[in-house]
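K.L.:
With my numbering applied, the sequence shown corresponds to residues 19 to 137, in that order. Glycine residues also receive a C-beta, built at the ideal position from the N, C-alpha and C atoms. Handing you a structure now.
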Amino acid sequence: MEPQKPITNPMLCGAIELMRADNTLEHRSLYIGELVKARFLVPVLADKPPVVDEAGKPRFEAGTQVKFPMLPGQEEKRYLMAYTDGDELRKWKAKSEELHIFIMTFQKLAAMMLNVVES
């Protein structure tokens, strides 16, 4: 089994910095292009630990309840956390033994959020 490469998104982080410095249409387009290619670290809480499958990958058993912790915002809004890399994830100080990390693409995150909004 190959060791898992750490999740990093240097091009996305660079596009974010460019947009912050000079919010032009070109920089926004670069940001969106990198956003849809990125993989994110998403913290989750689970009532059971994952089990390792035959391929050596951790998987949750059927029936495991998984919750996505949310950050509170203004006007009763809440925000799903999705981090560009391990350094950014470590800035959030969660203290839970039930905490696990999903690796998700922008497309999967968007589909999940659309499903929440539509239900």
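1) Does the beta-carbon distance from isoleucine 25 to arginine 77 come in below 8 Å?
2) Taking only the alpha-carbon atoms, compute the straight-line gap between proline 87 and lysine 23 and give it to the nearest angstrom.
3) Helix, strand or coil: which one does DSSP assign to alanine 33?
4) Check whether the Cβ atoms of alanine 33 and tyrosine 49 lie closer than 8 Å to each other.
5) Could you give the first and the last residue of the continuous beta strand (DSSP E) run that contains isoleucine 121?
6) For arginine 77, list the residues DSSP reports as bridge partners.
7) Can you tell which of Met99, Val84 and Asp103 has its C-alpha closest to the C-alpha of glycine 91?
8) Based on the DSSP output, what are the partners of arginine 57 in its beta bridges?
9) Helix, strand or coil: which one does DSSP assign to proline 28?
10) Give me the Cα-Cα distance between methionine 19 and glutamate 72, rounded to the nearest whole angstrom.
11) Apart from the five residues on each side of it in sequence, which residues of its chain come closer than 7 Å, Cβ to Cβ, to tyrosine 101?
12) Distance check for aspartate 40 and alanine 128, CA to CA, integer angstroms please.
P.N.:
If we stick to the structure as given:
1) By 1-based counting over the sequence shown, the position of residue 25 is 7. By 1-based counting over the sequence shown, the position of residue 77 is 59. No, Cβ-Cβ distance for isoleucine 25 and arginine 77 is not below 8 Å.
2) Taking the sequence shown and counting its residues from 1, one reaches residue 87 at position 69. Taking the sequence shown and counting its residues from 1, one reaches residue 23 at position 5. About 25 Å.
3) Taking the sequence shown and counting its residues from 1, the one referred to as residue 33 is at position 15. It is helical.
4) For the purposes of this step, residue 33 is taken as residue 15 along the sequence shown, with counting starting at 1. For the purposes of this step, residue 49 is taken as residue 31 along the sequence shown, with counting starting at 1. Yes, these two residues count as a Cβ contact at 8 Å.
5) Reading the sequence shown from its first residue, position 103 is the one you call residue 121. Taken as a continuous stretch (DSSP letters only), the beta strand (DSSP E) holding isoleucine 121 covers 117-123.
6) One-based indexing of the sequence shown puts residue 77 at position 59. DSSP output for arginine 77 lists Val69 as bridge partner(s).
7) Translated into the one-based positions of the sequence shown, residue 91 becomes position 73. The option with the nearest alpha carbon to glycine 91 is Met99.
8) Taking the sequence shown and counting its residues from 1, one reaches residue 57 at position 39. Paired residues: Thr123.
9) The sequence position of residue 28 within the sequence shown is 10, counting from 1. Looking at proline 28 - three-state DSSP - the assignment turns out to be helix.
10) To locate residue 19, count along the sequence shown from 1; it is residue 1. To locate residue 72, count along the sequence shown from 1; it is residue 54. Residue confidence is low: methionine 19 scores 41 on pLDDT, short of 50, so the model does not pin down where it sits. Its coordinate-derived value is still stated next. The alpha-carbon atoms of methionine 19 and glutamate 72 are separated by roughly 11 Å.
11) Along the sequence shown, read from residue 1 onward, the residue named residue 101 stands at position 83. These residues qualify, in order along the chain: Phe58, Leu59 and Leu107.
12) If you number the sequence shown from 1, residue 128 lands on position 110. If you number the sequence shown from 1, residue 40 lands on position 22. Spanning the two alpha carbons is a distance of roughly 26 Å.
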